[in-house]
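Asks:
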Amino acid sequence: MAGPVAGAMRRVAGLLDGVPVPMLAVDRDARVIAANALALALFGPDLEGRPFVTVLRHPAVVQAVDWVLDPEGTPAPIADPALPAPAGVITLRAPCTADGREILAEVTVAPLPSLFGRGATIAVQDRSVAEEAEQMRRDFVANVSHELKTPLTAMTGFIETLRGPARDDARARDRFLDIMEREAGRMNRLISELLSLSRVQAEERSRPSGLVDLPGLLRGILAMLAPRAEAAGVEVVTEGLDRALRVPGDGDQLTQVFQNLIENALKYGAAGGVMRVTLARIAHEPLLRGPAWAVTVEDRGDGIEEQHLPRLTERFYRVDTHRARAQGGTGLGLAIVKHIVNRHRGRLRIESRVGEGSRFTVILPEGLARG
1 MAGPVAGAMR RVAGLLDGVP VPMLAVDRDA RVIAANALAL ALFGPDLEGR PFVTVLRHPA
61 VVQAVDWVLD PEGTPAPIAD PALPAPAGVI TLRAPCTADG REILAEVTVA PLPSLFGRGA
121 TIAVQDRSVA EEAEQMRRDF VANVSHELKT PLTAMTGFIE TLRGPARDDA RARDRFLDIM
181 EREAGRMNRL ISELLSLSRV QAEERSRPSG LVDLPGLLRG ILAMLAPRAE AAGVEVVTEG
241 LDRALRVPGD GDQLTQVFQN LIENALKYGA AGGVMRVTLA RIAHEPLLRG PAWAVTVEDR
301 GDGIEEQHLP RLTERFYRVD THRARAQGGT GLGLAIVKHI VNRHRGRLRI ESRVGEGSRF
361 TVILPEGLAR G
């Protein structure tokens, strides 16, 4: 019997190796008799001979396997109606523990073809990434809807008031029109930044082919924002911007990056009275595996609590929602910065301490062109 059984197991293993998803096969006792390479990568090595219940721990999946092995003696599991399957096959979604980590799996349990003996196959597709992407899409739609609905609701209320009680009130009319203009401007900025984010994400995989005068670009942005810095009472200190330097990059996008960071420093760090913009060379940046240039925008404002730092580049994430909206922020600026820096194969570093200020550093590969 050893020969035929061994031959059958080899045929089962060959069958599983041709399947493009993680797949296991179990015998009539629900012990693993074969697993393809994808299943080994997902669940770990040495699966053969283990009880299936120790491989994928989820009651509904185990019940589905038991039912396929013995449909008359085991209660039928509840399958997901959104995942139809042929008769005798169960498909369901289940949160499972695989190789010590939690995944959301789509599991299909089917009888093993009769020529291999009695048993079952279990195909497992990790849907965690797809589910996270779908959740991000839902959150994005909800956030955009909320950001647009708030000013639209306010504007609708003002229009109704101007048509009714405030029809002949010149002072109220002027005040309401000022607010409506501000809200319309915020919606316009939001839509512009959404379009910008969409363009940046579409281009993220294509590396820029141009060359940018980085010190000149920074000097131009600081000159443009000088009136705003003066109005805020902020002293601007620069270092390293007098050198001659050209780096690979997209000038328009890098302008967007540094303008955003400098404007943020003026908005949220103005209380410190000083903003420092530094350009310095890094002889060897480990993450970029070579020389690089670092542009640091530093303020001495209130700073940001540590728990917020990892999420600052998320779309619509704000540390202080009321203050950000009052300053005209959309919650998309740093998300755009992150994607542009990624396109340039660079790194964004954020450091901050409450009461000491914040430091945003963009690290760009030096490339081949210097001069």
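Residue 14 in this note's numbering sits at position 14 of the sequence shown; the count goes up by one each step and never skips. Positions of the beta carbon are idealized from the N, C-alpha and C atoms, including for glycine.
(1) Please determine, among 146, 144, 179, the residue with the shortest C-alpha to C-alpha distance to residue 157.
(2) Just how far apart, CA to CA, sit residue 18 and residue 26?
(3) Between the alpha carbons of residue 362 and residue 145, how many angstroms are there, rounded?
(4) Looking only at C-alpha atoms, which of 71, 343, 59 sits nearest to residue 92?
(5) Between the C-alpha atoms of residue 359 and residue 353, what's the straight-line distance to the nearest angstrom?
(6) As a quick exercise: from 183, 74, 225, 357, pick the residue whose alpha carbon is nearest that of residue 151.
(7) How should residue 343 be labelled, buried or exposed, when 16 other C-beta atoms within 10 angstroms of its C-beta is the threshold for buried?
(8) Distance, Cα to Cα, residue 241 vs residue 199?
(9) Quick one: give me the first and last residue of the beta strand (DSSP E) that residue 244 is part of.
(10) Within 8 Å, do at least three Cβ pairs link the stretch 308 to 321 to the stretch 333 to 342?
(11) Between residue 351 and the rest of its own chain, which residues show a CB-CB distance below 6 Å, the 5 nearest in sequence each way excluded?
(12) Distance check for residue 282 and residue 243, CA to CA, integer angstroms please.
(13) Quick check: what's the CA-CA separation for residue 33 versus residue 307?
(14) Determine the closest residue to residue 346 out of 366, 332, 119, 356, with distance taken between C-alpha atoms.
(15) To the nearest angstrom, report how far apart residue 153 and residue 189 are at their CA atoms.
(16) Quick check for students: name the residue ranges of the beta strand (DSSP E) that lie wholly in the stretch 266 to 311, counting only runs of 3 or more.
Replies: Put simply:
(1) As a position in the sequence shown, residue 157 is number 157, starting the count at 1. With distances taken between Cα atoms, residue 157 lies closest to 179.
(2) Here residue 18 corresponds to residue number 18 of the sequence shown, with the count starting at 1. Here residue 26 corresponds to residue number 26 of the sequence shown, with the count starting at 1. When rounded, the distance between both Cα atoms is 17 Å.
(3) Position 362 of the sequence shown holds residue 362. Position 145 of the sequence shown holds residue 145. Those two C-alpha atoms are separated by around 31 Å.
(4) Counted from its first residue, the sequence shown places residue 92 at position 92. That would be 59, whose Cα lies nearest to the Cα of residue 92.
(5) As a first step, residue 359 must be located in the sequence shown, where it is residue number 359. As a first step, residue 353 must be located in the sequence shown, where it is residue number 353. The straight-line gap from Cα to Cα measures roughly 9 Å.
(6) The residue labelled residue 151 in the question sits at position 151 within the sequence shown. It is 183.
(7) Numbered from 1 along the sequence shown, position 343 holds the residue referred to as residue 343. Residue 343 should be labelled buried.
(8) Translated into the one-based positions of the sequence shown, residue 241 becomes position 241. Translated into the one-based positions of the sequence shown, residue 199 becomes position 199. Taking the straight line joining both Cα atoms gives about 29 Å.
(9) As a first step, residue 244 is located in the sequence shown; it is residue number 244 there, counting from the start. Where residue 244 is concerned, there is no enclosing beta strand (DSSP E), given that its DSSP letter is neither H nor E.
(10) yes
(11) For the purposes of this step, residue 351 is taken as the residue at position 351 of the sequence shown. Cβ neighbours of residue 351 beyond the five flanking positions: 359.
(12) Translated into the one-based positions of the sequence shown, residue 243 becomes position 243. Translated into the one-based positions of the sequence shown, residue 282 becomes position 282. Near 15 Å, if we compare the C-alpha coordinates of residue 282 and residue 243.
(13) Here the question's residue 33 lines up with position 33 in the sequence shown. Here the question's residue 307 lines up with position 307 in the sequence shown. Their backbone Cα atoms lie some 47 Å apart in a straight line.
(14) Start at 1 with the first residue of the sequence shown, and residue 346 comes out as number 346. Among 366, 332, 119, 356, the Cα nearest to that of residue 346 is on 366.
(15) The residue given as residue 153 occupies position 153 in the sequence shown. The residue given as residue 189 occupies position 189 in the sequence shown. Each residue's Cα considered, the two are about 17 Å apart.
(16) 274 to 285, 290 to 299
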